[in-house]
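Residue numbers (the working numbering): 1080 to 1395.
Think of the CB as a built atom: it goes at the ideal place given N, C-alpha and C, for glycine as much as any other residue.
Quantities reported herein were computed from a predicted structural model and do not represent experimental measurements.
Here the structure comes first, spelled out in structure tokens, and everything after it is commentary.
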């Protein structure tokens, strides 16, 4: 038995299998606790719908977090991309729904990258400050055409189009991580930045690219998020930070199981597990504030398991 487990742990699919078992165990626990309101096939598909949205954002965050950086502006980028799409619908139609959010994500992500490189201060501070600016931009853009998506443009809020967009985003992330210099160098920088720099890697360049990719994937996420929610109100006073954490949880699942070679799949499965936990507590009649407790505990647990402790380490 021990020999079998040892061989299983060496398999690249061990992590995926472990996540599948965790998901099955969570489903079983909540199904027993709330058999009438949890875990039916249609409910499982609704959990997947939520997981697809946040997993796209988690893929974008992965490029940042794998290097030990954080982007605390993703919530404000998400809101700005959605409101920009709504604002330009009367002029651009479907182009505004599909392309404008991605363009906004690219621009704001690149802005984050340039600011981080030029300012030489921790990424948490840079992106938190920029999120305040993006929030202000969202308030202004919301006055152009309101905050609600027209019914005619809700196509990406349900199957099959949300699934198609999500699969394209996942394939893009997988391709970048496995078949481009960006994926190779971001992992190298995350493993040992000094060694990567000594090997000739332009560290600043690839950090800026990582922030840009993060913004890009948040733009794609906003397409599904807006279609699913159909409206978005601007947030100020750093309230957009509340949108940062669910995509981040998927990212941490990807980091935790990165060694098995399937970070994108781990991100999606992690988000699905979190979605099931949220739905399970609701099915049990727990207050919605329990979701915040679950979010906090899950984040702390995953970060504890994935963080490499080093003496004298400095927050990036």
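- Taking all protein chains shown into account, residue 1241 has 16 or more neighbouring C-beta atoms within 10 Å of its C-beta and is therefore buried.
- Within the same chain, no Cβ atom closer than 6 Å to the Cβ of residue 1111 is found once the five residues on either side in sequence are excluded.
- Taking each of 1245, 1182, 1170 and 1257 in turn and checking the Cα distance to residue 1223, the smallest one comes out for 1170.
- In the DSSP assignment, residue 1310 is bridged to 1227.
- With at least 16 other beta carbons inside 10 angstroms of its own, residue 1150 counts as buried.
- Here residue 1091 carries a coil assignment [DSSP, helix/strand/coil].
- Under a 10 Å Cβ-count criterion, residue 1329 is classified as buried, with 16 or more other Cβ atoms of the shown protein chains found around its own Cβ.
- Boundaries of the alpha helix (DSSP H) harbouring residue 1155: 1153-1171, taken from the DSSP string.
- When C-beta atoms of the stretch 1203-1223 are compared with those of the stretch 1135-1151, three or more pairs fall below 8 Å, so the two segments count as touching.
- By the CB criterion at 8 Å, residue 1156 and residue 1213 fall inside the cutoff.
- With distances taken between CA atoms, residue 1103 lies nearest to 1352 out of 1352, 1358 and 1361.
- Distances from the alpha-carbon of residue 1215 to those of 1314, 1146 and 1228 put 1314 closest.
- Taking all protein chains shown into account, residue 1124 has fewer than 16 neighbouring C-beta atoms within 10 Å of its C-beta and is therefore exposed.
- In this chain, residue 1323 is not harboured by any alpha helix (DSSP H), its DSSP state being neither H nor E.
- Residue 1354 places its beta carbon less than 8 Å from that of residue 1130.
- Its chain contains 1105 and 1373 as the residues whose beta carbon lies nearer than 7 Å to that of residue 1356, once the 5 sequence neighbours on both sides are disregarded; these appear in chain order.
- CA-CA distance, residue 1158 to residue 1116, rounds to 32 Å.
- For a cut-off of 8 Å, the C-beta gap from residue 1262 to residue 1109 is around 36 Å, too long to register as a contact.
- Counting only the Cα atoms, residue 1333 lies some 30 Å from residue 1217.
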